[in-house]
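Asker: Here it is: the structure, laid out below.
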Amino acid sequence: MKTTSRKTLSAVLVLAMVFALFAAMTITASAANASDLAGQINSFPHGGTGTLTATASGNTVTVTGSVTGGTERLDLRINPEVTVIWKAEYSGSPPTYLINLLGPGMNGTFEVAQGAYLATDNIAYPIHSNVANIVVSGGTVSGKGTHVISGDRSVTVTVTGGLVEQTLNSTAINSDGIINMSGGTVSSTGSAAIRSGGTIEISGGTVINTGTGVAINSHGDDSSLTISGGVVESQNRGQTIDAYYTIITGGIVRNTGETSAIIISRNLVMTGGTVSAVADHTIRHVGVNASFNISGGFVFAYGTAAVNTEVNNGARAAIRNFGSGSQTIVSGVAVACAWNNPGSAPTYEEGSSTDLIVAPEGATATWGKSGSQDGIYYKNGSNTGFFPISDVTVNAEAATFTVTFDSNGGSPMAPQTVNSGGLAQYILPNPTREGYGFGGWHADEALTKMYDFNTPVTADITLYAKWVAAAGFTVNFNSNGGSSVASQTVAADGKATRPSDPTRAGYTFAGWFSNTTLTTAYNFDTAVTANITLYAKWEVATSAGTGSMENFLLSRTYTSGMFDDINEDAWYGYNKEKAVANAYEYGLMSGYPDNTFRPTGNITIAEAITVAARVHSIYTKGTDNFVQGTPWFQVYIDYAITNGIITANDFAAYNQLATRREMAYIFANAVPKAELSKQNTVNSLPDVNNATPYAQSIIMLYEAGVIGGSDTAGTFNPGNYITRAEAAAIISRVILPSERFSGRTYG
760 MKTTSRKTLS AVLVLAMVFA LFAAMTITAS AANASDLAGQ INSFPHGGTG
810 TLTATASGNT VTVTGSVTGG TERLDLRINP EVTVIWKAEY SGSPPTYLIN
860 LLGPGMNGTF EVAQGAYLAT DNIAYPIHSN VANIVVSGGT VSGKGTHVIS
910 GDRSVTVTVT GGLVEQTLNS TAINSDGIIN MSGGTVSSTG SAAIRSGGTI
960 EISGGTVINT GTGVAINSHG DDSSLTISGG VVESQNRGQT IDAYYTIITG
1010 GIVRNTGETS AIIISRNLVM TGGTVSAVAD HTIRHVGVNA SFNISGGFVF
1060 AYGTAAVNTE VNNGARAAIR NFGSGSQTIV SGVAVACAWN NPGSAPTYEE
1110 GSSTDLIVAP EGATATWGKS GSQDGIYYKN GSNTGFFPIS DVTVNAEAAT
1160 FTVTFDSNGG SPMAPQTVNS GGLAQYILPN PTREGYGFGG WHADEALTKM
1210 YDFNTPVTAD ITLYAKWVAA AGFTVNFNSN GGSSVASQTV AADGKATRPS
1260 DPTRAGYTFA GWFSNTTLTT AYNFDTAVTA NITLYAKWEV ATSAGTGSME
1310 NFLLSRTYTS GMFDDINEDA WYGYNKEKAV ANAYEYGLMS GYPDNTFRPT
1360 GNITIAEAIT VAARVHSIYT KGTDNFVQGT PWFQVYIDYA ITNGIITAND
1410 FAAYNQLATR REMAYIFANA VPKAELSKQN TVNSLPDVNN ATPYAQSIIM
1460 LYEAGVIGGS DTAGTFNPGN YITRAEAAAI ISRVILPSER FSGRTYG
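Just so we're aligned, residue 760 is where the sequence shown starts under the numbering used here, counting upward by one.
In structure tokens:
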């Protein structure tokens, strides 16, 4: 190696100052926990049939696959800012819980998304959490015997879509924390659909109990219930709502079974919405000191009184509140109306109010129509309004539509009834057909258009199952200008075999990708469920003969102790690996004006690319003459793309912090592959597999001795943000083969 200084390296010193100034921020590397979680899920011994596949990207873990007959509990500790998105099918009879979200001190998020199916065949909970927040945005969570979703007081459960169902004798969602619902369906045939001693907020969706229990049980002096939208309904012998403190500003609350819509122990404030009951008091109190303040909305009963405050009068009423300290106020826009006509449904005469008993005094109610909807016009002073009968009675005339599933020779699927504008639910498991693989639900009988379950239903529809012969899936390989690769035929739910790498003159093969923009690496451990095309990614290859490692020259001298925050006995110090000293002496990194190096600080993707571009330029041309513009790093990005260090679609933002896996990818392309000769054997790494982004670059650097891992097993921590000391060590080994590890075997 030459030791003569060269003026051509002076620009590197400019880089070093920029590199130092933009790398001072320290951020907790919670992304590492996403990688750890993915590894844990991929190796989870579920005891059933099938496979779960977890992929980490930044702070997000996405889980796909299918397992039936699971016997083991999956325990997950989800760190703050980390989200696990569950799109897999997992069912069985585990002990206690199917998914157990543990603490202490964690408050990440577990999301059940479209396509997910979590179900227990015994009394175990499908999901339990004592710390992590739970989101249901799609899919199905189903249980029997105990709670389906259970959360402690510190947990927030959010339902925006999907189905949470209790099919036997207990609760669908039980949490003393916060329950937010804006969509989807929560149903129970047991004690309650939703039960909480904390805060419940319903702004949309459907909460329903079809058994002997209640739809919502909000219990205890610390509890509260707010309803601003959606439908809350009971259809059998249980109340719709049993609560202490309730605020209703909108939505529909109804009991189409045998008892009351709302039982209140303390206070009810109602400013909007509709509450109705068919066979009992619509709103009533239990105990004493119950306060009803109803200043808006509509309360309807099939009874003999609008408001009943007589202690010994049990006649059915829209509102019944009596006893010591109790108070009922019906005012403002509000109207309470009882229908005193025999029969199970109103037979109204438009314009007549003969059979309607109305409160408060002076208010009126009249049967009528608004457009095509039957309902009741009310007037209270100068305030008027209309409530459709569909909002207040089981004999709903509001538009509902049927979604029929034509399995095309497969196992039958039950139809669904969907309110106008609502969404059909994608219910798992999928239908089956011997000798075929399921190819999804389609909107047309010709099976040319996959149905989007996010489409509002506005008419009766039929969805058609597509089937593919078990040996009928084709995996095509688009070599993008390289040598041709033969297609493969894969059995339904089978896996494609990684073919031999194609070749292309002047380029290095960088793997197979599932999208044309080459941003999503394909995992060959993924089950094939449809015809797919994979695309080859290429990196511009620079021949070792057009450049030289001799071009890297010493440009200055490092003095032990020159940086106040460098411990020379630390792994990166002068007395150990000399990582900081090497990076400094070759002009790749500098310190800060306050005489610090900040070895534990982080660097951005732009800074990493800048270093790689300069290293590449020095290797190939012996110089690194770059003219900075706006933004300062654009010239380095353009150079890196032109010379195959990165591609234009690799990174969403260049000013975000670089992870260890991103740094490996960037630095691995800084010099030709021929300069990174193999001198170690990598059979496996603890936290790097085919699903790890940039796995090929990581393994290549291990084989070349540029990376050695954080322990004897070779743990890489791919999702951690890389520190300045780690970057100094890696780039020093890239340009100094004498500093590389050799003779190691991993796995």
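Where a beta carbon is used, it is the ideal one built from N, C-alpha and C, also for glycine.
1. Go ahead and label A1433 buried or exposed: buried means 16 or more other beta carbons lie within 10 angstroms of its beta carbon, across all protein chains shown.
2. Excluding sequence positions up to five away, which residues of its chain have a Cβ less than 7 angstroms from the Cβ of S1319?
3. Would I886 and G904 qualify as a contact pair, given that the criterion is a beta-carbon distance under 8 angstroms?
4. For T1030, collect the residues of the same chain with a Cβ closer than 6 angstroms to its Cβ; drop the 5 residues on either side in sequence, then sort them by chain order.
5. What separation, rounded to the nearest whole angstrom, lies between the Cα atoms of K1138 and G1169?
6. Based on Cα-Cα distance, which residue from K1208, G1121 and Y1398 lies nearest to S1141?
7. How many angstroms separate the CA atom of T1267 from the CA atom of F1283?
8. Can you give, in chain order, each stretch of the beta strand (DSSP E) that sits fully within the segment 898 to 931 and has at least 3 residues?
9. On the premise that S934 lies in contact with S708, defined as a C-beta separation below 8 angstroms, what is that separation, rounded to the nearest angstrom?
10. Cα separation between W1226 and Y1195?
11. By Cβ distance below 7 angstroms, which residues in the same chain neighbour G972 in space, the five residues on each side in sequence not counted?
12. Taking the C-alpha atoms as reference points, what is the distance between P1261 and T1233?
13. Taking the CB atoms as reference points, tell me whether L1416 and Y1331 lie closer together than 8 angstroms.
14. May I have the straight-line CA-CA distance separating T1018 from D1001, to the nearest angstrom?
15. When you compare the CB positions of A1399 and I1405, do they come within less than 8 angstroms of one another, or not?
16. Where does I1396 sit, in a helix, a strand or coil, going by DSSP?
17. Contact check, I953 vs I986 under 8 angstroms by CB: the rounded distance?
18. Taking the C-alpha atoms as reference points, what is the distance between T1359 and G1478?
19. Under the criterion of a Cβ to heavy atom distance below 7 angstroms, does G828 qualify as lining the ligand GDP?
20. Quick check on the burial criterion: 16 or more other C-beta atoms within 10 angstroms. Buried or exposed for T787?
21. Please report how far the alpha carbon of N1564 lies from the alpha carbon of D1219, in whole angstroms.
22. For Y884, I'd like the list of residues in its chain whose CB is within less than 6 angstroms of its CB, leaving aside the five on either flank, ordered along the chain.
23. Between which two residues does the beta strand (DSSP E) holding H1044 run?
24. Answer yes or no: do A717 and F1197 have a C-beta to C-beta separation smaller than 8 angstroms?
25. If you follow the beta strand (DSSP E) that D1133 is in, where does it begin and where does it stop?
26. Which one of I1396, S850, S913 and Y849 has the shortest CA to CA distance from N866?
27. Leaving out the 5 sequence neighbours to the left and right, which residues in its chain are closer than 6 angstroms to A1367 when beta-carbon positions are compared?
28. Assign T868 to one of two classes, buried (16 or more other C-beta atoms within 10 Å of its C-beta) or exposed (fewer than that).
29. Using a 10 Å radius around the Cβ and a threshold of 16 neighbouring Cβ atoms, would you call K1337 buried or exposed?
30. Counting pairs of beta carbons, one from the segment 1435 to 1451 and one from the segment 1496 to 1503, are three or more of them closer than 8 angstroms?
31. Can you tell me which of the three DSSP states K1517 falls into?
32. Going by DSSP in three states, L1182 sits in which element: helix, strand or coil?
33. For T830, count the other beta carbons within 10 Å of its own beta carbon; 16 or more makes it buried, fewer makes it exposed. Which is it?
34. Between L811 and F803, is the Cβ-Cβ spacing less than 8 angstroms?
35. Alpha carbon to alpha carbon, how far is G1032 from C1096? Give it in angstroms, no decimals.
Answerer: Let me spell this out:
1. exposed
2. E1327 and Y1333
3. no
4. T1008, S1054 and G1055
5. 55 angstroms
6. G1121
7. 20 angstroms
8. 899 to 902, 908 to 910, 915 to 918 and 922 to 925
9. Absent from the model: residue 708. The displayed extent of the chain is 760 to 1506, so no value can be given.
10. 6 angstroms
11. S947, G949, S950, A951 and G997
12. 19 angstroms
13. no
14. 12 angstroms
15. yes
16. helix
17. Incorrect: roughly 11 angstroms between the Cβ atoms, too far for contact.
18. 16 angstroms
19. By its list of ligands, the structure shown contains no ligand whatsoever, and the ligand GDP lies outside what it can speak to.
20. Low per-residue confidence applies at T787: pLDDT is 27, beneath 50, and the placement is therefore not dependable enough to give any value.
21. This structure does not reach residue 1564, given that the chain is present from 760 up to 1506, and the question cannot be answered.
22. Y856, T905, H906 and S909
23. I1042 to H1044
24. Nothing can be reported for residue 717, as the shown portion of the chain is limited to 760 through 1506.
25. Q1132 to N1139
26. S913
27. A1417, M1422 and I1425
28. buried
29. buried
30. yes
31. The displayed coordinates of the chain run from 760 to 1506. Any statement about residue 1517 would go beyond what the structure contains.
32. coil
33. exposed
34. yes
35. 14 angstroms
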